[in-house]
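Trainee:
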Amino acid sequence: MPELPEVETTCRGIAPHIVKRRVVAMIIRESRLRWPIAAEVEDRLIGARFLGVRRRAKYILMDTDQGTLMVHLGMSGSLRIMSADAPALFHDHVDIVLDDHHCLRYHDPRRFGSMHWLKEMSHPLLDSLGPEPLAESFSGAYLYERSRRRRASVKQFIMDGKVVVGVGNIYANEALFLSGIHPKRASGRVSVARYEALVAAIKEVLAKAIAQGGTTLRDFVGGDGQPGYFAQQLRVYGRQGKPCRVCQTTLKEIRQGGRSTVYCPACQR
DNA sequence: ATGACAACCTGTGGGC
DNA sequence: TGCCCACAGGTTGTCA
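Listed below in structure tokens is the structure:
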């Protein structure tokens, strides 16, 4: 479920509850995530004290005095603060038990998420990631330069984590609509001016979604269990067959790289 | 280097 | 009502 705004919401939700807390136990009910949770994670985490929570792309980085716990939520993961004695439900794979009788509980039906231990600030999974979409350095000029001579569609281009991180399917659809760009247009044939508009739209839609606590489509909950409220502001995602909110043209759905794309054939060129 | 696609896994909703 | 297939917020790895 989580795209960047949902991951950011999770970081902000859990940080006040884990920072300064010490880990007294780790309960791993299911270690088979995208990659098996290494024994090292438990070995190093127990006894460690949390110092802060950061985000890089869709990875949650929980810094401790012993190193950093890196968690990815995959397609269906969530992290919540619970009472340590709250009964574990189906797919509650991991509890990180804190010294205040609470725990950080990882729930993930599809198990596409992951947990790693970082000793240094580098890790193969982080090394080839593109810039953060909300960073100053992410600009129309940057996208223009990176896209020259590329034939991939503009939608697949902005969803490529080596180009820019954190633009998932929902927000890619939304940003392309907001900037009036047809999702199938070749990325190498988009002007710098239109890339400026696209970057502005990406930043705007992500910032607004973060401000609303993310998008809850089905069951996303933030670190404190609250749903996100951005879904009601979606312009195109999930609205195929419905009228465009700007021009009333029926929104069209196509498939790109196995993912659904929804767009307005009149507004997007 | 780029791009197309399968793979990982479970749950759900639509069509028949 | 029930069954089966397609698809769901992500990313990596492989192969052409």
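The opening position of the first sequence corresponds to residue 3 in the numbering used here, with each subsequent residue numbered one higher.
A virtual CB, placed ideally from N, CA and C, is assigned to each residue, including glycine.
Just so it is clear, the structure is predicted and the values come from calculations on it, not from any experiment.
Please classify PHE179: is it buried, with 16 or more other beta-carbons within 10 angstroms of its beta-carbon, or exposed?
Mentor: Sequence index remark: in the first sequence, residue 179 carries index 177 (1-based). Buried, since its Cβ has 16 or more Cβ neighbours within 10 Å.
Trainee: Is the Cβ-Cβ distance between LEU47 and HIS95 less than 9 Å?
Mentor: Sequence index remark: in the first sequence, residue 47 carries index 45 (1-based). Sequence index remark: in the first sequence, residue 95 carries index 93 (1-based). It is not a contact, given that the beta carbons lie outside the stated cut-off.
Trainee: Relative to the alpha-carbon of ARG208, which residue among GLY259, PHE232, SER116 and ASP65 has its alpha-carbon at the smallest distance?
Mentor: Position 206 of the first sequence holds residue 208. The amino acid occupying residue 208 in the given sequence is Leu; Arg does not appear at that position. Here the closest residue by C-alpha is PHE232.
Trainee: So, is LYS22 buried or exposed, given that buried needs 16 or more other C-beta atoms within 10 angstroms?
Mentor: Taking the first residue of the first sequence as position 1, residue 22 is located at position 20. So LYS22 ends up on the exposed side.
Trainee: Label ARG271 either buried or exposed according to how many other C-beta atoms from any shown protein chain fall within 10 Å of its C-beta, with 16 as the threshold for buried.
Mentor: On the first sequence, residue 271 is found 269 positions in, with the first residue counted as 1. That one is exposed.
Trainee: What three-state label does DSSP hand CYS105 in the structure shown?
Mentor: Indexing the first sequence from 1 puts residue 105 at position 103. In the structure shown, CYS105 sits in a strand (DSSP, three-state: E or B).
Trainee: Name the two residues that bound the continuous beta strand (DSSP E) containing SER149.
Mentor: Here the question's residue 149 lines up with position 147 in the first sequence. Segment 142-149 is the alpha helix (DSSP H) holding SER149; no beta strand (DSSP E) there.
Trainee: Report, in whole angstroms, the separation of the C-beta atoms of SER155 and PRO185, which I expect to be a contact under 8 Å.
Mentor: As a working note, residue 155 is residue 153 in the first sequence. As a working note, residue 185 is residue 183 in the first sequence. Right, their Cβ atoms sit about 6 Å apart.
Trainee: Three or more beta-carbon pairs under 8 Å between the segment 103-114 and the segment 72-80, yes or no?
Mentor: Flag = yes, the segment 103-114 and the segment 72-80 touch.
Trainee: Quick check: what's the CA-CA separation for HIS103 versus PRO89?
Mentor: Position 101 of the first sequence, counted from the start, is the residue given in the question as residue 103. Position 87 of the first sequence, counted from the start, is the residue given in the question as residue 89. Whole-angstrom Cα-Cα distance: 13 Å.
Trainee: Here's the rule: buried if 16 or more other CB atoms are within 10 angstroms of the residue's CB, otherwise exposed. What is ILE39?
Mentor: Start at 1 with the first residue of the first sequence, and residue 39 comes out as number 37. Label assigned to ILE39: buried.
Trainee: Going by Cα to Cα distance, which pick from ALA174, GLU42, ARG113 and SER193 is closest to LEU71?
Mentor: On the first sequence, position 69 is the one that residue 71 refers to. Answer by Cα proximity: GLU42.
Trainee: DSSP three-state call for TYR239: helix, strand or coil?
Mentor: As a first step, residue 239 is located in the first sequence; it is residue number 237 there, counting from the start. DSSP places TYR239 in coil when its eight states are reduced to three.
Trainee: Do the segment 135-155 and the segment 113-124 touch if we need at least three Cβ pairs shorter than 8 Å?
Mentor: With a cut-off of 8 Å, the segment 113-124 and the segment 135-155 do not count as touching, because too few Cβ pairs lie within range.
Trainee: In three-state DSSP terms, what is LEU63?
Mentor: In the first sequence, residue 63 corresponds to position 61, counting from 1. Strand.
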